[in-house]
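So the sequences go chain by chain: A and B.
Per the working numbering, the first sequence starts with residue 467, numbered consecutively.
Per the working numbering, the second sequence starts with residue 467, numbered consecutively.
Backbone N, C-alpha and C fix where the C-beta goes; we use that ideal spot for every residue, glycine too.
Number of protein chains: 2
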Amino acid sequence: MPAITTKEYHKCCGGEVRRATFTSQTLGGEAAFSLFLPKQALAGRNVPVIYVLAGLTCTEETFLIKANAVRHAAQHGLALVCSDTSPRGAGVPTITDEWDIGPGAGYYVNATAAPWQARYRMWDFVRSELPTTVENAFPLDGARRGVMGHSMGGMGALALALREPGLYQSASMFAPICNPSAVPWGEKATQLYFGGDSHLWDAYDPCRLLASGHEFPGGFLVDQGLDDPFLKSQLHPDALENAARKAGQALKLRRHEGYDHSYWFVQSFIAEHIRHHAEQLNHTQVNHTQAPRETTP
Amino acid sequence: MPAITTKEYHKCCGGEVRRATFTSQTLGGEAAFSLFLPKQALAGRNVPVIYVLAGLTCTEETFLIKANAVRHAAQHGLALVCSDTSPRGAGVPTITDEWDIGPGAGYYVNATAAPWQARYRMWDFVRSELPTTVENAFPLDGARRGVMGHSMGGMGALALALREPGLYQSASMFAPICNPSAVPWGEKATQLYFGGDSHLWDAYDPCRLLASGHEFPGGFLVDQGLDDPFLKSQLHPDALENAARKAGQALKLRRHEGYDHSYWFVQSFIAEHIRHHAEQLNHTQVNHTQAPRETTP
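Quick look at the structure:
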């Protein structure tokens, strides 16, 4: 298991906030994440954990700084693990001066086309390597996992929950990209990450996954601002609503007058999202086969 | 009255967050502030307002992004006005590569020595021009004002409340610089802003103000982390406690194991600070001579 290097540590709301890295085999280099552990975890109890996927241009820090989630996670005894949004650093392919492809824009897919396919493997990273690594190192209960995301990360959270319903017990999204294969952001990613083959979105596009029979039993809580500048061009919540209705997928989609795409919108509804996860995760059967562990790194 | 230019606007927690500027006569150039208005203000009612002073290296944005205060201000129907920490821009004196003097380090004093004295006039700015300007433009009740600050801003908030008890009805601080004339940060400011005359701190040093008979009837709520790296070298809460005891000044100083100087510490206790202000401001006599105003800028 890779060693974890703590870059920053702060006591916060009775628990601890940590920014850390490890050498990722999946991404071929250093991977960064942020973590909030509630006081219950510091006392050695395995706690439920929400995996958080951020949007374009964000890093592993953005959600924890801007979403105001820590206080609510502390109140419910939940941990938060925030992934970075792409591979980074020396040798990672980039396209200069573009913010919606390359670093900060991994789209939580496994790229298939050169030069991206070697390191842009965010799907495998957030599905497997990140949880395996942090759950080995910290007192997190891998049997009580939620997944949450914003924008590009909302898309990733929808896809993870639909394809891997056994891995997550709760899921929620803010302003997700609902139908990436049909919008400009996704078309740009198709050209670069998938070499132009739009069919490869079948494995990641929430609307396509619903159409092909995937289902998440926990249901989805989705919030969307109606003054979001990306609403009509990139996000397409109506398509998600239609696909969910046809598939019989439980979906609570709330539209909010006046709110935009920013973390000011996210923080306005974060308390209800954390509560949504807490209701599902704190009532899930606790895995008693795992002994409590100390926080070692 | 100077015109206000809105740079950024977002709906948040039922109210609105705004980043704006105006041309400041006091600072001799553009001055920036951030504002949260709760929904009661958007409905045209004059609401109580907390003026927030941030610490070294911060801007008008830092507190609003990192302190997680908006949700709590919204719950209590309070506005927040966050000042920048110094004059900025072309023609403002700087010292290259130093973060604790010059831009971002105005210390909420009026400088007396050249070249600083012309524009480093943050005392006059936060005492007079900022509240006059924003209270003219937005539905804020100037008869129900609080003042809050962090670190250097905690020092400014203490000094403002002690020297101007008629202007503020509530006051609280996170990790304030309590005795600036006796610590390295203040000594550096003495050399540059006061031309070496340490007696000029008499007007701004909270411990000196208490010793010279100043008092704030509303009392102070102060939180301090015990793992704060600046605790012993720069902050000196013990000196504040002693000065308050001798002066008969009401002070609730709470020390917290494990917490540091960061906004992770601030956000851990912000709910109680906002409640402290709300209890004093929401029970202060409302000034009914002012008619409700619309939000015009």
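- The distance from the Cβ of B:Ala637 to that of B:Phe591 is about 18 Å, inconsistent with a contact at the 8 Å cut-off.
- Sorting A:Gly568, A:Asp663, A:Leu719 and A:Asp693 by C-alpha distance to the C-alpha of B:Lys477 places A:Asp693 at the top.
- By the rule that beta-carbons nearer than 8 Å mark a contact, A:Val515 does not touch chain B.
- Note that the segment 532-547 of chain B does not touch the segment 620-630 of chain B; fewer than 3 beta-carbon pairs, one per stretch, sit closer than 8 Å.
- Listed in chain order, the beta strand (DSSP E) elements of length 3 or more contained wholly in the segment 512-596 of chain B are 513-519 and 545-549.
- From the beta-carbon of B:Gly724, the residues of chain A found nearer than 8 Å are Lys477.
- Note: A:Glu496 is bridge-paired with A:Thr489 in the DSSP secondary-structure output.
- Apart from sequence neighbours up to five positions away, the residues of its chain that approach B:Leu717 with a beta-carbon distance below 6 Å are Phe686 and Ala710, ordered along the chain.
- DSSP, reduced to helix, strand and coil, places A:Tyr729 within a helical segment of the structure shown.
- Sixteen is the threshold: when 16 or more other Cβ atoms of the shown chains lie within 10 Å of the Cβ of B:Gly619, as they do, the residue is buried.
- Looking from the CA of A:Gln506, the closest CA among A:Phe488, A:Thr523, A:Ala545 and A:Asp668 belongs to A:Ala545.
- With contacts defined by Cβ atoms closer than 8 Å, A:Ile470 and A:Ala603 form a contacting pair.
- When B:Val515, B:Ser699 and B:Asp671 are compared, the shortest CA-CA separation from B:Gln746 is found for B:Val515.
- Residues of the segment 524-537 of chain A with a C-beta less than 8 Å from any C-beta of chain B: Ile531, Lys532, Asn534, Val536 and Arg537, listed in chain order.
- Assignment of B:Ala609 by DSSP, reduced to helix, strand and coil, places it in the strand class.
- By the neighbour-count definition (other C-beta atoms within 10 Å, threshold 16), A:Trp565 is an exposed residue.
- Taking the Cα positions, A:Gly684 is about 13 Å away from A:Met614.
- Beta-bridge annotation (DSSP): B:Ser636 is paired with B:Gly612.
- By the Cβ test, the segment 648-663 of chain B is in contact with the segment 554-568 of chain B, since at least three Cβ pairs between them sit closer than 8 Å.
- With distances taken between CA atoms, B:Thr472 lies nearest to B:Ala498 out of B:Trp730, B:Asp563, B:Ala498 and B:Gly494.
- Only residues of its own chain outside the window of five on either side were considered, and among them Ser638 have a CB closer than 6 Å to the CB of A:His739, listed in chain order.
- A:Val483 has a beta carbon lying within less than 8 Å of a beta carbon in chain B.
- In the structure shown, A:Leu675 adopts helical secondary structure according to DSSP, grouped into three states.
- Going by beta carbons, A:Arg593 and A:Leu493 fall outside the 8 Å limit.
- In this structure B:Glu723 is exposed. Its beta-carbon is surrounded by fewer than 16 other beta-carbon atoms within 10 angstroms.
- Among the residues of chain A, none has a CB under 7 Å from the CB of B:Gln690; the nearest is roughly 13 Å distant.
- Taking C-beta separations shorter than 6 Å and ignoring five residues to either side along the sequence, the partners of B:Gln733 in its chain run Ala533 and Asn534, following chain order.
- The beta carbon of A:Ala705 is closer than 8 Å to those of Cys644, Asn645, Ala648 and Cys673 in its chain, skipping five residues each way along the sequence.
- Of A:Glu653, A:Gly652 and A:Leu624, the smallest CA-CA separation from A:Pro642 is found for A:Leu624.
- By the beta-carbon neighbour count (other beta carbons within 10 angstroms, threshold 16), A:His542 is buried.
- Under a 10 Å Cβ-count criterion, A:Ser552 is classified as buried, with 16 or more other Cβ atoms of the shown protein chains found around its own Cβ.
- Minimum Cα-Cα distance from A:Arg720 among the listed residues A:Ala713, A:Phe731 and A:Lys712 corresponds to A:Phe731.
- Per DSSP, reduced to three states, the secondary structure at B:Asp668 is helical.
- With fewer than 16 other beta carbons inside 10 angstroms of its own, A:Met467 counts as exposed.
- By the neighbour-count criterion, in which 16 or more other beta carbons inside 10 Å mark a residue as buried, B:Glu482 falls on the buried side.
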